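Have a look at the structure below before the remarks.
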Amino acid sequence: MMKNLFMILSLLIGSLSFPLIGIAEMSSTNYSIYADSFTIGGFFSTSTNYSFWDSIGEWSAGNITSTTYEILGGFQAMEKGKLSLIISKNNLNLGSLSVNNVNSDSTNFTISSDSNTGYIFSINSAGPSPITAVTDGEVTAGSEEYGFAISGVNAAFVNDRSIVAGRVLASSTVPVVNDLLTMTVKASRTSTTTYGNKSQNIVLNLSGNF
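All you need for the working numbering is the position in the sequence shown, starting with 1, plus 47.
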C-alpha cells in the first residue's frame, strides 16, 4: 500500500520592513516624493580602485539619529534599498511514502540585501499539515511525521521543524550577497497512516530591514 504526498510552495516577494523611525514622505493621489535634499549638486567619481559620491553645498551633511527618528545627510541617502530572492524550484514532490524510509525533496533560495541591518526570511502562511507535524526535532522512518529543515550560514535552526506561519527560516544583521539557503521538506509514515494524495501550500516572506 502506498501513500502519495505532494508539496507545493508558493512564494511571495516584495514585503519590506522599515525601522521604526519617522519618514517624511510627500505624496498625493498623483505623485510621491519619498525624500528631498537641500544642496547644489554632487558628483560620482570612479577609478580602478574606488568609487566615490560627494555632495556640494549641503550644510551639516552627517547622519543624525535618536530613538524616534533618523536623518541621513546627502542626496546619496535617498537611494532605496535593494532586495532580491531567487528560488530554484517552487514545487516539491515527496512521492510515495514507505514505512521504511524518510522521503524528502529540496529547494534552494539565494538572497541578496544591501540593507545595513540585513533581512528576515520567514513563513508568511501555511495550509494545514497534511499528516502529523514533527515535534521532536527529527522526522524518523516508521513514524508519522512531516516537517522541514533549513541549512545555510544564516539558517535559524539545524533540526527538523513543523511548517507553520510565522516561523523564521533565516536572518542576517548585515548586508548579504548571494546568501544560499536550502529548504528540505521531509515526511514519513506508519502502517496506519491514512492513504491518499496530500498537499500543502506555503507562502514565504522575505523582508529587508532598511
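Note that the Cβ used here is the ideal one computed from N, Cα and C, for glycine as well. Source: prediction; values computed, not measured.
What number of angstroms, rounded off, separates the C-alpha of residue i from the C-alpha of residue j?
i	j	result
D161	V200	17 angstroms
F168	Y97	32 angstroms
S235	I178	9 angstroms
G142	T231	14 angstroms
T157	P222	13 angstroms
T220	N163	7 angstroms
A203	N77	42 angstroms
K233	S151	4 angstroms
G69	N256	Caution applies to G69, whose pLDDT of 44 falls short of 50 and renders its modelled position unreliable; the model cannot decide the point.
S246	A196	18 angstroms
I180	I210	Reading off the sequence shown, one finds Ala at residue 180, where the question assumed Ile. Their Cα atoms are separated by approximately 8 angstroms.
Kindly indicate which three-state DSSP category residue i falls into: helix, strand or coil?
i	result
F168	strand
V211	coil
S143	strand
G255	strand
I70	Reliability fails at I70, whose pLDDT of 46 lies under 50, so the model's placement of it is uncertain and the value that follows must be treated cautiously. It is coil, neither helix nor strand.
K136	coil
A203	coil
T187	coil
S238	coil
N244	coil
S94	coil
Quick one: what's residue i bridged to in DSSP?
i	result
S113	Note: S113 sits in no beta bridge, so no partner.
L130	S160
N77	N77 is not bridged to any residue.
N155	T229
N150	A234
What are the boundary residues of the beta strand (DSSP E) that residue i is part of?
i	result
D226	V223 to S235
F195	E192 to S198
For chain C, check one thing: does any of its Cβ atoms lie closer than 9 angstroms to the Cβ of residue i?
i	result
T93	Note that chain C does not occur in the displayed structure, where there is just one protein chain.
Rounded to whole angstroms, how far is the Cβ of residue i from the Cβ of residue j, which I believe are closer than 8 angstroms?
i	j	result
N248	A212	Between A212 and N248 the Cβ distance is about 12 angstroms, and since that is not below 8 angstroms, they are no contact.
S218	G165	7 angstroms
V146	T237	6 angstroms
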